[in-house]
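Protein chains in written order, with my numbering: chain D, 9 to 331; chain Z, 9 to 331.
As structure tokens, the structure follows; a few thoughts come after it.
Protein chains: 2
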Amino acid sequence: MNTTTSFFSPVQSQIHQVEHLMRSQAENQHPDLQAALDHLLASGGKRIRPTLTLLVGRMLGGEEPRLITLAAAIELLHTATLVHDDLIDGSLLRRGIPTINSQWSPGATVLTGDFMFARAAKLASDTNSIPVMSLFSKTLAIIVNGEITQLFSTHCKIDREEYSRRIYAKTASLFEASACCAALISTDDKELIEEISLYGRDIGMAFQIVDDVFDFTADQTVLGKPVGSDLRQGLVTLPAISYIEQNPEDADARELGCGNNFLGNDKVNRLVEKIRFSSAIEQSLLEADRYVDSALKRLQKMPAGPARDNLTELTRYITQRNV
Amino acid sequence: MNTTTSFFSPVQSQIHQVEHLMRSQAENQHPDLQAALDHLLASGGKRIRPTLTLLVGRMLGGEEPRLITLAAAIELLHTATLVHDDLIDGSLLRRGIPTINSQWSPGATVLTGDFMFARAAKLASDTNSIPVMSLFSKTLAIIVNGEITQLFSTHCKIDREEYSRRIYAKTASLFEASACCAALISTDDKELIEEISLYGRDIGMAFQIVDDVFDFTADQTVLGKPVGSDLRQGLVTLPAISYIEQNPEDADARELGCGNNFLGNDKVNRLVEKIRFSSAIEQSLLEADRYVDSALKRLQKMPAGPARDNLTELTRYITQRNV
């Protein structure tokens, strides 16, 4: 563990409790549900959302047991959306581990995701907070509506606004909820709640932009999928948008957004390489930095202390992390 | 409308409000979501669950706006589970109307169901009751766990207990929640809440048994599917269980439950006809009557008045209805 990830340490034992609570959600249920949950939890992930929830709650003086319950609800909701996502995309691996849909029938995969939604909602209700429940279910609706919009979009849009809306729905909305729900059960101060929600949104936006950059720049073996796989699937992310803005005359790029979701293999390979080595990468990371700067400013309005310091590290980590 | 369904009249205007509230859940979302919701609501259904919620709430002095919100949450949850069920079963029609999965891709169908789960949870949280939220999410977990158990069961079980567990998970748990949640937001009397929950469970059990009988006895054109379709799909329901108990020597029936989910066409046709004209039908309906009798006794402990009278009619209707 290096200094940029040292913010994980102070909440490590709570994260273990979060994972234990998530795993216990399939107790006394069909054994295959327990197997699915164990499998999904074993595949890991950085647990950045529960870490965010725990640190925000700690900073604002929340009760630890409720924060742990909330963090488990958030991470289980996140995991459930991934189960359905992987089914819909036909993904066979996630973080190098076989997906549920690669091993089970579509029906069993749908129901596993549904079960996890149900248990996530139960955990959210265990926080005993109506505003948490309300935001929790609203956030799920935002995420799903975003996916439906993407699924039904008939052509690639080369549009920053549309991109922002998309990554808000996909990623930033749940970061926002992770921070906001933690605040809701920790303080009555409306200004603090509002500010920390926007903080969560900011780092969520930065997180997704960095992910979208990695899709172009990271090593294929580390990514576990081909470089530029978003573009190959017809998904135009910020590096591509930025490249097209700077190279309006590029013939390959001009074919995007003309009702033509899928360029041929040669064209897409060429375009991915051009974007990868263009200033669009740096431009995109600068955009992520702007979100991080905004987030850091919001943090300054929060109560000072070790938890705020940890959140400052977490915020910087968003753009400094590797894949 | 005949006398046996006159209990629908007193809540008809509230049911319209419930439907309006359900339909409004897709406002400002992707237009195809609105289309899906309109389509699902147009296909109708008897709205027996929201009627139950509204009448129980009225009997126990609940506030009408909260009851309408709750009833919409319950019916939307029910509709969402049907969307995923039809996808998993590959059903092309429900109540004579094309299913979502018959018109859309599996991915879009999964997400439509997910969106409806999210909005149902939001409506449940709008009732401002933690116990309602908690029971709501628990009930979804019970329904989904029941479906997974059925999906993973490797052979037909000829077992009344297993059948009872199955129809509780599939149907009675949501009837129980419809009644219990209405009570939770209407009264603090724990005994009344407990008793009306069991009432809901009783009529839910009776409702599903009668449905399972219809699968053998109703006209194919009215059912919208072949007579005996449960058995054809390897699902052993009460009429089949009862027939096998009474005819242990029947060669076709003996083949069920031997790890052999699907009898050949000839055998299953013969068996369906034998069950259809056997006393197993009457025996099954007597079992449903026993649940209705138990439900009516529980109703007697409730506050007297027009709402209780309506619930008495609703209870009798469960076994007297046509398909």
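For every residue, glycine included, the Cβ atom is placed at its ideal position computed from N, Cα and C.
On a predicted model such as this, the values are computed, not experimentally measured, just so you know.
Query raised in the report: Expressed to the nearest angstrom, what Euclidean distance is found between the alpha-carbon atoms of A214/Z and H86/Z?
Result: Here the C-alpha atom of A214/Z lies approximately 18 Å from the C-alpha atom of H86/Z.
Query raised in the report: Between L68/Z and L322/Z, is the Cβ-Cβ spacing less than 8 Å?
Result: No, the Cβ-Cβ distance between L68/Z and L322/Z is not below 8 Å.
**Report entry** E281/D classed as buried or exposed, judged by whether at least 16 other C-beta atoms fall within 10 angstroms
**Finding:** Flag for E281/D reads exposed.
Query raised in the report: Are at least three pairs of beta-carbons, each pair with one atom in the region 28-39 of chain D and one in the region 135-153 of chain D, less than 8 Å apart?
Result: The region 28-39 of chain D makes no contact with the region 135-153 of chain D, as fewer than three CB pairs between them are under 8 Å.
Query raised in the report: According to a CB-to-CB cut-off of less than 7 Å, which residues of the region 113-130 of chain D neighbour chain Z?
Result: Of all residues in the region 113-130 of chain D, only P114, G115, A116, V118, L119, D122, F123, F125, A126, R127, A129, K130 come within less than 7 Å of chain Z when Cβ atoms are compared, listed by chain position.
Query raised in the report: Where does I105/Z fall in DSSP's three states?
Result: If DSSP states are grouped into helix, strand and coil, I105/Z belongs with the strands.
Query raised in the report: Can you name the residues of chain D whose CB is closer than 7 Å to the CB of M30/Z?
Result: For M30/Z, none of the residues of chain D pass the 7 Å Cβ criterion, the least Cβ distance being about 14 Å.
Query raised in the report: What is the DSSP secondary structure of S99/Z, reduced to helix, strand or coil?
Result: Under the three-state reduction of DSSP output, S99/Z falls in the coil class, being neither helix nor strand.
Query raised in the report: Taking the C-alpha atoms as reference points, what is the distance between Q22/Z and L131/D?
Result: Distance between the alpha carbons of Q22/Z and L131/D: 31 Å.
Query - Closest by C-alpha distance to S142/D, when choosing among V152/D, G154/D, A129/D - result: Ranked by how close their Cα comes to the Cα of S142/D, the residues V152/D, G154/D, A129/D have A129/D in first place.
Query raised in the report: What's the gap between the Cα of M9/Z and the Cα of Q158/D?
Result: Reliability of the predicted coordinates at M9/Z is poor, the pLDDT of 43 falling under 50, and no value is obtained from them.
Query - Close Cβ partners of R102/Z (< 7 Å) along its chain, the five nearest in sequence each way excluded - result: For R102/Z, where only same-chain residues beyond five positions count, the Cβ hits under 7 Å are S51, L90, D94.
Query raised in the report: Should S161/Z be listed as close to the ligand SAM, given that the test is whether its C-beta is under 7 Å from any heavy atom?
Result: This structure lacks the ligand SAM; in fact it carries no ligand of any kind.
Report task. Determine the contact status of G115/Z and I96/D, defining contact as a CB-CB distance below 8 Å. Result -> In this structure, I96/D lies closer than 8 Å to G115/Z by Cβ.
Query raised in the report: Quick one, which residues of the region 159-190 of chain Z are near chain D if we go by CB-CB under 8 Å, in chain order?
Result: If the cut-off is 8 Å between Cβ atoms, the region 159-190 of chain Z has L159, F160 near chain D.
Query raised in the report: Start and end of the alpha helix (DSSP H) containing Y299/D?
Result: Start and end: 288-308.
Query raised in the report: For F123/D versus I289/Z, is the C-beta spacing smaller than 8 Å?
Result: Inclusion of F123/D and I289/Z in the CB contact set at 8 Å is not warranted, their separation being larger than that value.
Query raised in the report: I think K275/Z touches E257/Z, with their Cβ atoms under 8 Å apart; what is that distance to the nearest whole Å?
Result: No, K275/Z and E257/Z are not in contact; Cβ-Cβ is about 15 Å, not under 8 Å.
Requested in this report: Would you mind giving the Cβ-Cβ distance between R284/D and T225/D, rounded to the nearest angstrom? I have them listed as a contact below 8 Å.
Outcome: That belief holds up - the Cβ atoms of R284/D and T225/D are roughly 6 Å apart, short of 8 Å.
**Report entry** Pick from K54/D, I175/D, G208/D, H24/D that is closest to L307/D, judged by C-alpha positions
**Finding:** Between L307/D and the set K54/D, I175/D, G208/D, H24/D, the nearest pair of CA atoms involves G208/D.
Query raised in the report: How should A312/D be labelled, buried or exposed, when 16 other C-beta atoms within 10 angstroms of its C-beta is the threshold for buried?
Result: By the neighbour-count rule (16 or more Cβ atoms within 10 Å), A312/D is not buried but exposed.
Query raised in the report: Where does S113/D fall in DSSP's three states?
Result: In the structure shown, S113/D sits in coil (DSSP, three-state: anything other than H, G, I, E or B).
Query raised in the report: CA-CA distance, F183/D and L279/Z?
Result: Using only the alpha carbons, I get a separation of about 57 Å.
Report task. Rounded to whole angstroms, what's the CA-CA distance from T11/D to S17/D? Just pull it up for me. Result -> Summary for T11/D: the model assigns pLDDT 49, below 50, so the residue's position carries little reliability, and this model does not support an answer.
Query raised in the report: For E253/D, is the classification buried or exposed, using 16 other Cβ atoms within 10 angstroms of its Cβ as the cut-off for buried?
Result: Here E253/D is exposed. Its C-beta has fewer than 16 other C-beta atoms within 10 Å.
Query - Distance between G53/D and E169/Z (C-alpha atoms, nearest Å) - result: Here the C-alpha atom of E169/Z lies approximately 41 Å from the C-alpha atom of G53/D.
Query raised in the report: Between which two residues does the alpha helix (DSSP H) containing E35/D stretch?
Result: Following the DSSP letters along the chain, one finds E35/D in no alpha helix (DSSP H), marked with neither H nor E.
Query raised in the report: Do F125/D and H38/Z have their CB atoms nearer than 8 Å?
Result: Contact: no.
Report task. Give the residues of chain Z in contact with E155/D, contact being defined as C-beta atoms less than 7 Å apart. Result -> Result: L119.
Report task. State yes or no: is the C-beta of A261/Z within less than 8 Å of the C-beta of N255/Z? Result -> Yes; because the gap between Cβ atoms is below 8 Å, this pair is in contact.
Query raised in the report: When you compare only the Cα positions, how much space is there between D301/D and E295/D?
Result: When only Cα atoms are considered, D301/D and E295/D end up about 10 Å apart.
Query raised in the report: Which chain Z residues sit within Cβ distance under 7 Å of Q37/D?
Result: By Cβ distance, chain Z contributes N153.
Query raised in the report: Cβ atoms of D220/D and T245/D: under 8 Å apart, would you say?
Result: Yes.
Requested in this report: Could you check the C-alpha separation between A3/Z and L304/Z for me, to the nearest Å?
Outcome: Since the first and last residues shown for chain Z are 9 and 331, residue 3/Z lies out of range.
**Report entry** Collapsed DSSP secondary structure at G52/Z in the structure displayed
**Finding:** Three-state DSSP puts G52/Z in coil, outside helix and strand.
Query - Extent of the continuous alpha helix (DSSP H) run through N273/Z - result: 273-284 is the extent of the alpha helix (DSSP H) around N273/Z.
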